[in-house]
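> Taking the working numbering, the leading residue of the sequence shown gets -19, the next gets one more, and so forth. Following this message is one structure expressed as C-alpha cells.
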Amino acid sequence: MAPLAAINDLLHDPRAWATQFNTVAATQAAVAQLFPTLGDVHRIIPSINTEPFVKLPTLNGRLVRFRGMVQDTSLSPQVYPLQWRPAPAGAPGSNELPVATQSGAWTDALPDAILSPATQILSYGDRQPVYLVSVPGEPISADLAFPGDTLVGSSKAAAKFPVPNAPHQAVVAKLYSPAPIEPRIGQVVEVVGVVEVEADMPVTVHVMWACELGKEAAAVGGQADVKQARTDLVRYLTSHLCGDEVAAEYVLLHLTMRGDLVVAQAAGGAGAMGIVAAAGLRAGVVTEALQKIGVAASWLPLSHDVLQKDVFAPRAALLAAQESTSAAGAASGSEAAATTEQIMDEPEGILAGRLQLAQGSVLVVDETAMTEGKLNEHAVRNLQALASVAQARVLPCEFPYSRVDLPIDYAILVVSESTKPLVPCQVRVPLASTTTATTTQLAPSNAASAYLKWVLSAPACTLGDDAVAKAIEQAYVTDRQRAAATGASSSASGGVDTCGQEQLHWQLALTRALGRSRGEATVTMDMWETVRAMEKTRIARLAEATRATTRTVPACASRAS
C-alpha cells in the first residue's frame, strides 16, 4: 500500500485526484493499486456505516466506504457526459487559449456551462445505480436511522429496508462502466467512492472500487484451539437453548451447512430446522444470541398483526402503489386521472419485504407469537412466500404482470411449541423435557465468534476413504433393517424417513457438517457414530413429544374464507 501522504489528495478531493487519468478504468485500477487488500481499505478510508446521518454532509465530496446488502438492482441505468469541453471565454475568432477538457464522472452535480449550445460533448459514459442497505440482522446504533423518509422521495426509505421501522443506513451506489462487480440482490458488498449528499435525495456513492464480501476467514490456531473454540461455542448456544446441548449441536451444524453447498444439497437444500420449544424458549433471545457471535440473524414473529400488516416478499414499487390506490377505494373522473398520474410518478425499483435478507443470513421464525384471529388475503400471501423460502429456497419478487423467484442461501430456524410447525421444516429438534428457561445465559467469547467465521470458510469435509464409505453403508443397512422391523416412519423422525434414502442423505450431510465443524478433511466412522447417536436421541424425543401432546392449529393459521 502507498504511504498515507501519497493518497492524501485521493482521500480529501478524489474528483481532482481522478483528473490525472484519461479513463474510468484507469482510475479504478489506480485506486485498486493503492489499496490492494480489504484490510488496507478498512485502515485508511472512513466508513459511513457508523456515521450518523446528520454528519454525512460534512463528508460531501470525500472518499468513503460503505458495506451493505444489494437491495435493488432494477434502477434505470444512466448516461452522463464523460468528457466535455466548455465554450471559449473570448469572442469568436479571437486568440483565446485552448479550453481544457473536463470530466462529468464521479458526480451528479454538473455546472450550468454544460447546457450551453457552444459546449462540446466529446464522449459519454454509462453507470448503473444500485441501492444498498445495511445488512439486515446486524445490530446498528439507533442514531444512524434516517430522519423520516426524506431521502428517497415518495418511495420512502423505510420501505426499502426489510425490517419495518428499524434503524439503518442506505446509499445509491453508482457503478461506472466497466463495473468492478456484478451486483445481485442479496449480495453483500463493500464499495469505495465519492460521497454526494443533497437535500431530499438518497445519499450517493460514486464507486471507484468495490468487492463482493464472501465468507470471512478467521484464524483460530491449531487443532486444539479449534476444539476449544468449538466447545465454547456449543456451551454458549446451549445456555441460550434452555441448557439443551443436543439442540445446540444441531443448531451449530445447521449453521455450518450454510457454507458447504454440497452438504446443503445433500440435505435437501438445508431447509428449515424446527426447534420444538415446549419449555418456553424465546425466539427473540435466540436471535440476539446469534447476532452477538457475528451472525446476521433476523427475527420474524408470526403474530396476527405482523401477518396482516407487514410485507414478507419484495415487490415492485409500482405494484405497491397500485395496491395502495385500490385499497383507498375507487376514484372517478378527474380524481381517477390524478390517481393514475400519481401511480406513474412513483419511483422505480423494488420495495423490500421482511424475507429479503443477505445471503448467508439466519432467519428465526417465531411461531410462539401466533395468536388467534382470522387471516386476510394479504396474510395468506405472506405465509405462501414464507413457505417458498423454507421449502423451495427461493424468494418470490412480485411485479405488476409477473413474478421472479430469486435463489437464496439462508439458514432458517423455526421456534414452535408444536411438534408439527406451521412453517415446513426438514427436521424438527424437540428440546429435552428436563430443560429449563432459567439457564444462565453466557456471554460470547471472542474465540467462539472467530471460530464460527472460520468454520464457514473452512474447506468441505469429504467422504474420502472407500473403507469408511462401505462401513457407513453397512451401518445404514443395519439401521434400516432395524427400523423396518420396529415399524419406524417419517412421522416419528421429524420429516426424515428413518427407513429410506432421505435418512441416509441427511445423516451423511450431518456427518460432513460435523467433520467440517471440527476442522477435519474427511469423514470418519467416529463422526458417523456421533451423528447416529444424535439422531437416535432426536427421534426418540420427537416420538415422546408427539405422543404426549396433541397439536391444536391456531386460529390465525386458518385461511381466509
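Cβ atoms here follow ideal geometry from the backbone N, Cα and C, with glycine treated the same way.
Tell me, please, which residues DSSP counts as bridged to GLU170.
ARG47, CYS191
> Please report how far the alpha carbon of ASP52 lies from the alpha carbon of ILE165, in whole angstroms.
6 angstroms
> Could you tell me the alpha carbon to alpha carbon distance between ASP290 and ASN2, rounded to whole angstroms?
49 angstroms
> Can you grab the Cα-Cα spacing for the pair ASN145 / ALA138, in whole Å?
6 angstroms
> Go through its chain and collect everything with a Cβ distance to PHE292's Cβ below 7 angstroms, but skip five positions before and after it.
GLY333, ARG334, LEU335, ASN362, ALA365, LEU366
> Count the other CB atoms, across all protein chains shown, that sit within 10 Å of the CB of VAL457; report buried if there are 16 or more and exposed otherwise.
Per the 10 Å Cβ criterion, exposed.
> Where do the N-terminal and C-terminal ends of the beta strand (DSSP E) with GLN13 fall, by residue?
From DSSP, GLN13 is part of no beta strand (DSSP E) but of the alpha helix (DSSP H) over 4 to 14.
> Let me know if LEU(-10) comes out buried or exposed under the rule of 16 or more other beta-carbons within 10 Å of its beta-carbon.
buried
> Which partner residues of VAL384 appear in the DSSP bridge assignment?
DSSP, once it has assigned bridges, lists CYS377 as partnering VAL384.
> Give the list of continuous beta strand (DSSP E) stretches no shorter than 3 residues that lie fully inside the stretch 389 to 413.
391 to 396, 407 to 410
> Per DSSP, SER27 is paired with what?
ARG45
> Identify, in the order they occur along the chain, each residue of the same chain with its Cβ nearer than 7 angstroms to the Cβ of SER56, setting aside the five sequence neighbours on each side.
Result list for SER56: GLU328, in chain order.
> In chain order, what residues of the same chain lie with their CB nearer than 7 angstroms to the CB of MET507, ignoring the 5 residues before and after it?
THR491, LEU494, GLY495
> Would you say the stretch 7 to 25 touches the stretch 38 to 48, given that touching needs at least three Cβ pairs under 8 angstroms?
yes
> Taking 6 angstroms as the limit between beta carbons, can you name the residues of its chain near PRO281, skipping five residues before and five after?
ASP346, ALA349
> When DSSP labels each residue in this structure, what does GLU118 get in the three-state scheme?
coil
> Run the CB neighbour count on THR267, radius 10 Å, all protein chains shown included, and call it buried at 16 or more, exposed below.
buried
> Is the beta carbon of ALA451 sitting closer than 9 angstroms to the one on MET505?
yes
> Give the list of continuous beta strand (DSSP E) stretches no shorter than 3 residues that lie fully inside the stretch 136 to 169.
150 to 156
> Please name the residue in ARG498, PHE379, TRP279 whose C-alpha comes closest to that of TYR390.
TRP279
> Just to confirm my understanding: we take VAL50, look at its own chain, exclude 5 residues before and 5 after, and list those with CB closer than 7 angstroms. What are they?
Only VAL110, LEU112, PRO163, ARG164, ILE165, GLY166, GLN167, VAL169 meet the Cβ criterion.
> Which same chain residues, not among the five before or five after GLN8, have their C-beta less than 7 angstroms away from its C-beta?
PRO160, MET188, TRP189
> Within 10 angstroms of its Cβ, does ALA228 collect 16 or more other Cβ (buried), or is it exposed?
buried
> Just the C-alpha distance for VAL374 and ILE330, rounded to the nearest angstrom, thanks.
Their Cα atoms are separated by approximately 17 angstroms.
> Thinking C-alpha only, which one of ARG527, ALA153, HIS(-8) is nearest SER398?
ARG527
> Should GLU254 and CYS405 be called a contact, given that it needs their Cβ atoms to be closer than 9 angstroms?
Checking the sequence, you will find Gly at residue 254 rather than Glu. Yes; because the gap between Cβ atoms is below 9 angstroms, this pair is in contact.
> Look up LEU232 in the DSSP assignment and say whether it is helix, strand or coil.
helix
> From which residue to which residue does the beta strand (DSSP E) around GLY105 run?
From DSSP, the beta strand (DSSP E) with GLY105 extends over 100 to 113.
> Pop quiz: ALA263 and VAL342 are said to be a contact at Cβ under 8 angstroms. What is the actual Cβ separation, rounded to whole angstroms?
No, ALA263 and VAL342 are not in contact; Cβ-Cβ is about 11 angstroms, not under 8 angstroms.
> Check MET253 in the structure and name its three-state DSSP category.
strand
> Name the residue from ASN(-12), HIS(-8), ARG521, ALA276 whose alpha carbon lies nearest to the alpha carbon of ALA257.
Per the Cα distances, ARG521.
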